[in-house]
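Visitor: In our numbering, the protein residues as written are 64 to 300.
(1) Can the beta-carbon of residue 207 be found closer than 7 Å to that of residue 214?
(2) With a Cβ-Cβ cutoff of 7 Å, do residue 71 and residue 115 count as a contact?
(3) Span of the alpha helix (DSSP H) holding residue 107?
(4) According to DSSP, is residue 167 helix, strand or coil?
(5) Answer with buried or exposed for residue 77, where buried requires no fewer than 16 other C-beta atoms within 10 angstroms of its C-beta.
(6) Taking DSSP as the reference, what is the three-state secondary structure of residue 135?
(7) Assess contact between the region 169-180 and the region 104-115, defined as three or more Cβ pairs (one per stretch) separated by less than 8 Å. Is contact present?
(8) From the DSSP secondary-structure annotation, give me the bridge partner or partners of residue 90.
(9) Is residue 153 helix, strand or coil when you go by DSSP?
(10) Enumerate in chain order the residues of its own chain whose CB-to-CB distance from residue 220 is below 7 Å, with the five nearest sequence positions on each side excluded.
(11) From the DSSP output, in three-state form, read off residue 201 for me.
(12) Under a CB-based cut-off of 7 Å, is residue 127 close to chain E?
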């Protein structure tokens, strides 16, 4: 069971989501504007937010940025916009997942289960992973602490989103190993299938925070058609 905030201005869609999520044993609150959503999130702790983009007072993409300024609660964007560029921007702005309308509640529930599993510690560092949760993973100047969910580069703390940290920790636990994209989707995103664009977006954002680019990689190396590996740059080898 999860506590869910539904942010949706269409009363019909809103009522249907509330009813069906409640029937699935979730605790649901709902609002119809972005400002109400920000107020609710600031005052009440939620496990996940379902965010519509077509809100009457503020575009949902802007609301997402504002939400990310006050909380790291998982956000699933529900949108009628299927433009790839828009979806990439949403992921860049901190969305944990997205669904294009219309969608079934069963599909939404599956996505919720995946993001909640990651948020509650079902991601990298669990038993059976490459390293114990208490071990600080060190790769060159990188130090990743899965237990405290902190990462530093050359002694400077990195400001990472939950998904960025999960991706970095998973790769740091396998230094020098090329990790297939399918494995990243399964272990970091907890999805049996997905769009490679999702991985590329998060790699791009992570690279910027590591002070590198795809053209001039230092730690993160992509092997086209194969996967991704993390290894120390030459100055640390």
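The beta carbon of each residue, even a glycine, is placed where N, CA and C say it ideally should be.
Computed from a prediction, not measured in an experiment: that's the story for all the values here.
Guide: With the given structure in hand:
(1) yes
(2) yes
(3) Segment: none, residue 107 is in no alpha helix (DSSP H) and carries neither H nor E.
(4) coil
(5) buried
(6) coil
(7) yes
(8) 66
(9) helix
(10) Once the five neighbours on either side are set aside, the close Cβ partners of residue 220 are 213.
(11) strand
(12) This model lacks chain E altogether; it includes just one protein chain.
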